[in-house]
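K.L.:
This is the structure, below, for whatever I ask next.
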Amino acid sequence: MTGGEISETTEASEIDRNDQPNLNSDFTDDFHSQFHKSIVKPLSENERAEWLKKIWISKDLPSHAQEDDIKLLFWYAKQGERRANSEVTIRHTKERDVPGKDPFCGGCQVAVDRKLENEADGIIFNTGKMFSYLKGKGYCPVTTTNTLERANGKSDEAIFPNQDKRDKEQFYIFYQRESGTKGHEHSSLMTEEIDGMFNLTVSYRTDSDAVRRFGMIEESIQFARFDGKNIEYSDEEYFRRLMDKKTKKHLAAWFVSNCDHTEGAVKRWEYGESLMNAGLRLYGEGECFGKVTERSFSKEKKKTKKFTLDNVKFYLAFENAYHCNDYISEKFWRNGFHSETVPVVFGPHPDDVMKVAPPNSFIHSEWFTSPAQLVSYLEWLDRNDDAYLDYHQWRTLLLPQSEGENYVHSIFNLGVDELGYCMLCRKIREMRSAKLHQSYKSVMKFWHYDLYDECKENIEFQPFQTSIRQNKRSWKSL
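Under UniProt numbering, the residues of the sequence shown are numbered 1 to 478, in order.
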């Protein structure tokens with residue numbers, strides 16, 4: 001199953017609350033109309049121009065095609081990869097018939113062969129594997145070459161590079177994809193030496209040195225609106241086709257399998273249940289509904305003969321972490337934006353969502369006084385196409401084709417992983433050019449402590465992690 005599909009052969013839960021009393025009768029059409037006007041504000045010309053710049057990020061950034069190459073090394077090879085012959089250079093030639101380096105990335109090489117350790121500009125430490133080794137042994141030497149076992153019992157080369165021979169101009173990169181509330185026990189496992197050896201951070205957090213989100217606005221627009229290099233549909237035709245896909249059987253969909261593994265997961269399931277009890281016409285699938293969902297959401301195969309997410313108007317983009325800074329996962333980006341649904345958000349702080357999502361592109365549960373009000377508002381939108389389409393107007397944030405080559409490049413999609421590597425290569429190149437260097441006293445303080453209070457409940461820290469006032473130090477190289 002791919003593309004957010006719901007298999008017709010799977011007996012997933014179809015939640016029908018028609019036998020429930022009408023809990024939403026107090027919310028009139030006039031009430032919802034006024035409420036809608038209070039939260040949906042059309043963009044001014046200046047706001048539209050600012051969002052065009054923000055979305056098509058590659059358009060106005062200086063080209064790095066003539067700059068020095070940057071080589072990145074993954075210290076822990078990805079599962080199943082061979083370290084030899086695993087070097088990849090991000091180039092235009094992958095998607096376009098243009099030779100040479102990508103203007104946005106420059107020469108950006110990603111390798112997993114540890115023999116390249118001494119020539120790598122930066123070494124990436126995938127924290128998922130790193131913490132697994134820490135958890136398996138309770139420590140991780142930074143000056144020896146012992147082999148460690150991961151927590152799951154599989155052996156691997158789990159050492160850090162030899163710190164006695166470390167090139168101080170080489171960047172050690174903390175690469176994290178999980179929420180700040182997940183794996184909080186790792187803070188107590190980190191020694192002060194390990195915690196303080198990193199120079200750069202890469203994550204979805206907007207205060208990371210290089211930001212790697214779970215999705216991109218330009219990717220969602222490109223997939224829906226473009227055929228190769230050209231706009232496939234006018235705005236009017238696109239919106240007509242979008243509405244033609246929607247069905248009345250289900251108003252919203254939700255794939256969820258973690259109901260109680262974290263405090264945030266418990267909160268989101270309880271809120272989801274309250275929406276069902278308020279009468280939401282919901283298609284549910286996953287372990288929480290008693291059926292396992294295949295976790296494959298391939299954008300290339302999103303449109304198939306099976307039930308697809310673009311048949312519903314809303315997707316419950318509920319995270320398993322509550323108010324964890326900037327944690328907005330693929331539930332929002334792929335199951336919402338990319339699948340042409342309107343994401344209904346629970347978990348991320350509203351301010352964090354508004355930083356990265358265009359105005360009028362999502363609905364946040366915290367805007368409502370009760371689950372019943374939210375369900376009633378969704379039903380009102382279902383009856384009012386123009387109001388519903390207000391939440392899709394951001395999909396018209398297109399650059400004019402008169403932009404020429406810049407326009408063509410701006411719609412070239414690197415994908416979230418490659419974009420993250422590109423941002424990292426640009427960051428290292430810019431720091432080298434300015435002769436700047438930096439280090440963190442504690443990446444655990446950055447990752448687990450400098451958060452909203454609601455996110456770091458019940459996390460235990462070591463004294464050296466909480467007593468730090470200025471975590472990131474920077475200096476000029478001689």
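Virtual Cβ for every residue (Gly too), placed ideally from N, Cα, C.
(1) I need the boundaries of the beta strand (DSSP E) containing Leu378, first residue and last residue.
(2) Using a Cβ distance threshold of 8 Å, determine whether the stretch 212-225 contacts the stretch 426-440, with at least three qualifying pairs required.
(3) Closer than 6 Å by C-beta to Pro343: which residues in its own chain qualify, once you throw out the five before and the five after it? Chain order, please.
(4) Going by other Cβ atoms of all chains shown within 10 Å of its Cβ, with 16 needed for buried, is Lys56 buried or exposed?
(5) Based on the DSSP secondary-structure assignment, which residues constitute the bridge partners of Asp102?
(6) For Arg473, which beta-bridge partners are listed by DSSP?
(7) Please name the residue in Tyr322, Ile194, Asn199, Glu237 whose C-alpha comes closest to that of Tyr172.
(8) Exposed or buried, Ile231, counting other C-beta atoms within 10 Å across all chains shown (16 or more means buried)?
(9) Name the DSSP beta bridge partners of Asn325, please?
(10) Check each candidate in Asn325, Asn384, Glu270 and name the one with the smallest Cα separation from Pro350.
(11) In the DSSP output, what is Val356 paired with across the bridge?
(12) Do you know how far the Cα of Val443 is from the Cα of Val211?
(13) Just mark Glu287 as buried or exposed, buried being the case when its beta carbon has 16 or more other beta carbons within 10 Å.
(14) Does the separation of the CB atoms of Ser187 and Gln462 fall below 8 Å?
(15) Residues in its own chain within less than 6 Å of Lys267 by CB, not counting five upstream and five downstream?
(16) Suppose the cutoff is 6 Å on Cβ atoms and the five residues either side in sequence are ignored; what does the same chain contact list for Phe346 look like?
(17) Can you tell me where the alpha helix (DSSP H) with Lys427 in it begins and where it stops?
(18) Which partner residues of Thr201 appear in the DSSP bridge assignment?
(19) For a test of the three-state rule: what should DSSP assign to Asn162, helix, strand or coil?
(20) With DSSP run on the structure shown, which of helix, strand or coil describes Gly122?
(21) Tell me which residue opens and which closes the alpha helix (DSSP H) that Ile459 is part of.
(22) On the DSSP letters alone, give me the boundaries of the alpha helix (DSSP H) that Val266 sits inside.
(23) From the DSSP output, in three-state form, read off Ile57 for me.
(24) Between the alpha carbons of Cys422 and Thr181, how many angstroms are there, rounded?
(25) Given Ser208, which residues of its chain have a CB within under 8 Å of its CB, disregarding the five upstream and five downstream residues?
(26) Less than 8 Å separating the beta-carbons of residue 504 and Lys476?
(27) If you run the structure through DSSP and keep just helix, strand and coil, what is Arg82?
(28) Secondary structure at Ile468, three-state DSSP: helix, strand or coil?
(29) Per DSSP, what kind of secondary structure is Lys445 in: helix, strand or coil?
(30) Quick check on Lys261: buried or exposed, where buried means 16 or more other Cβ atoms within 10 Å of its Cβ?
(31) Output the boundary residues of the alpha helix (DSSP H) element that contains Lys245.
P.N.:
Walking through what the data contain:
(1) Unbroken run through Leu378 is the alpha helix (DSSP H), 371-383; no beta strand (DSSP E).
(2) Between the stretch 212-225 and the stretch 426-440, the count of Cβ pairs shorter than 8 Å is below three; the stretches do not touch.
(3) Tyr315, Ala317, Phe332, Gly336, Phe362
(4) It is worth fixing the name first, because residue 56 is Trp in this sequence and not Lys. With 16 or more Cβ atoms within 10 Å of its Cβ, Trp56 is classed as buried.
(5) Paired residues: Gly106.
(6) Paired residues: Ser439.
(7) Asn199
(8) exposed
(9) Per DSSP, none; premise fails for Asn325.
(10) Asn325
(11) Per the DSSP secondary-structure output, Val356 pairs with nothing in a beta bridge.
(12) 15 Å
(13) exposed
(14) yes
(15) Result list for Lys267: Tyr322, in chain order.
(16) Arg268, Tyr271, Phe318, Ser365
(17) 416-433
(18) Answer is Phe174.
(19) coil
(20) Here Gly122 sits in strand by DSSP.
(21) Looking at the DSSP string, Ile459 is not in any alpha helix (DSSP H), and its letter there is neither H nor E.
(22) 263-277
(23) coil
(24) 27 Å
(25) Thr201, Val202
(26) Only positions 1 to 478 of the chain appear in the structure, and residue 504 is not among them; the question remains open.
(27) With a pLDDT of only 38 at Arg82, under the threshold of 50, the placement of this residue in the model should not be trusted; the figure read from the coordinates follows. In this structure, Arg82 counts as coil in the three-state DSSP scheme.
(28) coil
(29) helix
(30) Rather than Lys, the amino acid found at residue 261 in this sequence is His. His261 is exposed by the Cβ-count criterion.
(31) 235-245
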